[in-house]
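The structure under discussion appears below in the form of structure tokens.
Numbering (UniProt numbering), first residue to last: 1 to 364.
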């Protein structure tokens with residue numbers, strides 16, 4: 001289709017409903033879906049025109065109230081009835097990729113091609129926040145190579161009977177194979193490069209299973225649980241193998257202690273953060289702590305940003321690949337055996353500190 005010279009009007013269809021009312025009112029990252037869509041429509045349109053929202057007339061006051069505090073809401077107007085043909089319509093039961101949406105708008109294509117998540121089922125709503133967080137920090141290094149390979153695999157496998165679970169298990173088996181090679185304590189080039197290749201292939205499959213699930217419409221809580229569980233298990237087995245291999249080569253028992261420190265630190269860090277997130281969610285499910293628009297991008301503005309990025313799974317995965325090829329995986333073990341306990345301790349200080357100071361705004 002030829003490119004259009006002018007972007008068609010961008011409208012929002014807020015009529016889709018769930019069991020508890022309009023889906024536009026569901027809170028994601030501390031803000032209603034409608035607020036995310038309004039800011040997205042205003043940003044993609046870029047011409048200063050009002051954002052038109054199609055909704056039931058009796059829901060106009062409620063939906064208008066949801067936009068309080070949203071800067072783009074100053075140029076919003078509500079109408080009734082279905083959106084007109086020829087417009088770019090953002091549905092309230094969809095989440096959209098901002099970059100894809102901009103391309104679709106410029107080319108006059110259906111915005112459904114930019115949809116990355118559907119909110120028209122209970123399971124989808126439950127996983128929407130995790131998907132948004134994942135997309136905001138997705139593979140800072142892998143986006144330059146593994147994401148493209150994952151996209152190719154998704155296109156090849158989407159029409160087949162291959163399901164995401166098979167890729168999840170395949171990634172786990174590759175991590176076990178890499179762990180076995182590491183545990184052999186051999187550092188000849190063939191072993192080192194085979195280990196690096198196994199970890200790299202595991203990364204590609206790990207980035208493919210979720211995308212395939214969304215493409216095939218098979219995303220489920222079981223799939224997310226299996227992916228997380230096997231990822232963590234594979235990581236623990238790999239680091240146990242690194243500690244064992246380092247001990248076998250050097251005879252220094254301190255490497256076994258480093259391996260245990262890594263496992264305990266990672267466990268403490270993960271459990272502490274998960275429990276904190278659950279506690280905050282129970283106290284205030286609409287907390288303003290994470291009022292982040294859909295197309296926001298993190299920027300390296302502080303040391304905290306860099307410290308957190310060091311623990312990003314994609315950074316760690318690429319560090320494994322490089323150090324496996326160099327035969328120096330014990331460097332990664334030593335680094336993260338210190339990193340995770342320190343992160344857990346700093347997180348505890350940040351959480352408990354306001355309570356000790358008597359700050360009434362401190363979280364649970």
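All C-beta atoms, glycine included, are put in the ideal place defined by N, C-alpha and C.
Rounded separation between residue i and residue j - CA only
i           : j           : result
residue 346 : residue 30  : 24 Å
residue 315 : residue 225 : 22 Å
residue 106 : residue 97  : 14 Å
residue 183 : residue 10  : 57 Å
residue 13  : residue 343 : 43 Å
residue 213 : residue 237 : 26 Å
residue 40  : residue 192 : 46 Å
residue 221 : residue 24  : 23 Å
residue 83  : residue 54  : 7 Å
residue 339 : residue 91  : 42 Å
residue 159 : residue 219 : 16 Å
residue 231 : residue 166 : 14 Å
residue 108 : residue 43  : 16 Å
residue 317 : residue 241 : 16 Å
residue 187 : residue 194 : 11 Å
residue 348 : residue 309 : 19 Å
residue 351 : residue 303 : 18 Å
residue 248 : residue 313 : 27 Å
residue 110 : residue 60  : 26 Å
residue 323 : residue 89  : 48 Å
residue 143 : residue 152 : 13 Å
residue 235 : residue 223 : 18 Å
residue 217 : residue 104 : 22 Å
residue 250 : residue 328 : 13 Å
residue 15  : residue 28  : 18 Å
residue 269 : residue 319 : 20 Å
residue 267 : residue 311 : 14 Å
residue 393 : residue 253 : Here the chain comprises residues numbered 1 to 364, so residue 393 is not present and cannot be evaluated.
residue 215 : residue 164 : 10 Å
residue 168 : residue 102 : 32 Å
residue 198 : residue 271 : 29 Å
residue 227 : residue 93  : 25 Å
residue 229 : residue 65  : 40 Å
residue 239 : residue 145 : 25 Å
residue 148 : residue 161 : 22 Å
residue 154 : residue 176 : 24 Å
residue 332 : residue 307 : 15 Å
residue 115 : residue 141 : 24 Å
residue 180 : residue 274 : 30 Å
residue 45  : residue 71  : 15 Å
residue 233 : residue 95  : 31 Å
Residue range of the unbroken alpha helix (DSSP H) whose run includes residue i
i           : result
residue 393 : The structure shown does not extend to residue 393, since the chain spans only 1 to 364, so no value can be given for it.
residue 40  : 33-45
residue 224 : 221-250
residue 141 : Careful: residue 141 lies outside any alpha helix (DSSP H) and carries neither H nor E.
residue 321 : 313-326
residue 181 : 164-183
residue 307 : 303-310
residue 66  : 60-66
Whole-Å CB distance - residue i paired with residue j, under 8 Å assumed
i           : j           : result
residue 325 : residue 196 : 4 Å
residue 258 : residue 334 : 6 Å
residue 100 : residue 113 : 7 Å
residue 321 : residue 243 : Between residue 243 and residue 321 the Cβ distance is about 19 Å, and since that is not below 8 Å, they are no contact.
residue 211 : residue 263 : Not confirmed; about 30 Å, so no contact.
residue 35  : residue 67  : 6 Å
residue 265 : residue 341 : 4 Å
residue 246 : residue 255 : 4 Å
residue 26  : residue 157 : Actually they do not touch by this definition, with Cβ atoms about 31 Å apart.
residue 38  : residue 51  : 5 Å
8 Å Cβ cutoff, residue i in contact with chain C
i           : result
residue 332 : Among the chains in the structure shown there is no chain C, since it carries only a single protein chain.
Host beta strand (DSSP E) of residue i (start-end)
i           : result
residue 51  : 51-54
residue 89  : 88-91
residue 105 : Looking at the DSSP string, residue 105 is not in any beta strand (DSSP E); the run it does join, the alpha helix (DSSP H), is 98-107.
residue 77  : 76-79
residue 120 : No beta strand (DSSP E) holds residue 120; DSSP gives it neither H nor E.
Beta-bridge pairing of residue i - partner residues as DSSP gives them
i           : result
residue 365 : An answer regarding residue 365 cannot be provided, because it is not within the stretch 1 to 364 covered by the chain.
residue 365 : The structure shown does not extend to residue 365, since the chain is modelled only from 1 through 364, so no value can be given for it.
residue 115 : 96
residue 11  : 52, 89
residue 18  : 21
Residue i beta carbon near the ligand SAH (any heavy atom closer than 7 Å)
i           : result
residue 323 : Annotation note on the ligand SAH: not contained in the displayed structure, which lists no ligands.
Just checking, does the region 201-211 make contact with the region 169-179 on the three C-beta pairs under 8 Å criterion?
yes
So, does the region 71-86 touch the region 18-30, judging by three or more C-beta pairs under 8 Å?
no
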